[in-house]
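Chemist: Shown below is the structure under consideration.
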Amino acid sequence: MAISKETRQQVRERAKYLCEYCHSSEEASAARFELDHIQPRSRGGVDTFENLALACQRCNSYRYNFTEGTNPESQVSTQLFNPRLNQWNEHFVWEQGGLVI
Ligand SMILES: [Zn+2]
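One gets this note's numbering by counting positions in the sequence shown from 1 and adding 10 to each.
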């Protein structure tokens with residue numbers, strides 16, 4: 011990992027210390043959040059500010075190296091949520107007063 015401290019800090023601030031995928035707060039998490047590559051390095055992604063997203067451990071490990079997911083019913087491959095390209099609110103709806111996504 012050759013991501014500079016400055017870049018890490020910028021990514022955290024941009025994300026307001028929230029996981030960019032599930033919007034959980036780093037403060038409320040036992041573990042520090044990690045930087046996720048939106049385009050995985052194994053697929054040519056680079057360590058730039060634009061290609062990094064703050065992710066909690068759960069989201070980070072879930073995404074791992076997948077930029078696409080396959081719908082088990084339709085077998086159609088769809089692009090997973092990308093915090094740069096997609097509006098969060100279009101993908102997730104908070105249940106009223108709840109903590110369920
Ligand atoms: Zn998360």
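Even for Gly, the Cβ is constructed at its ideal location relative to N, Cα and C.
Remember, predicted model here, so these are calculated numbers, not experimental data.
Please list, following the chain, all residues that have a C-beta closer than 7 Å to any non-hydrogen atom of ligand 2.
Modeler: For ligand 2, the structure offers nothing, since it holds only ligand 1.
Chemist: Residues in the same chain with beta-carbon distance under 7 Å from residue 59, minus the five sequence neighbours each way, listed in chain order, please.
Modeler: 17, 20, 21.
Chemist: In angstroms with no decimal places, state the Cα-to-Cα distance between residue 94 and residue 39.
Modeler: 23 Å
Chemist: Do residue 46 and residue 65 come within 8 Å of each other at the CB atom, strictly closer than that value?
Modeler: In this structure, residue 46 lies closer than 8 Å to residue 65 by Cβ.
Chemist: How big is the Cα-Cα spacing for residue 12 and residue 57?
Modeler: 7 Å
Chemist: Along the chain, where does the alpha helix (DSSP H) that runs through residue 37 open and close?
Modeler: Counting along the chain, residue 37 falls outside any alpha helix (DSSP H), and DSSP gives it neither H nor E.
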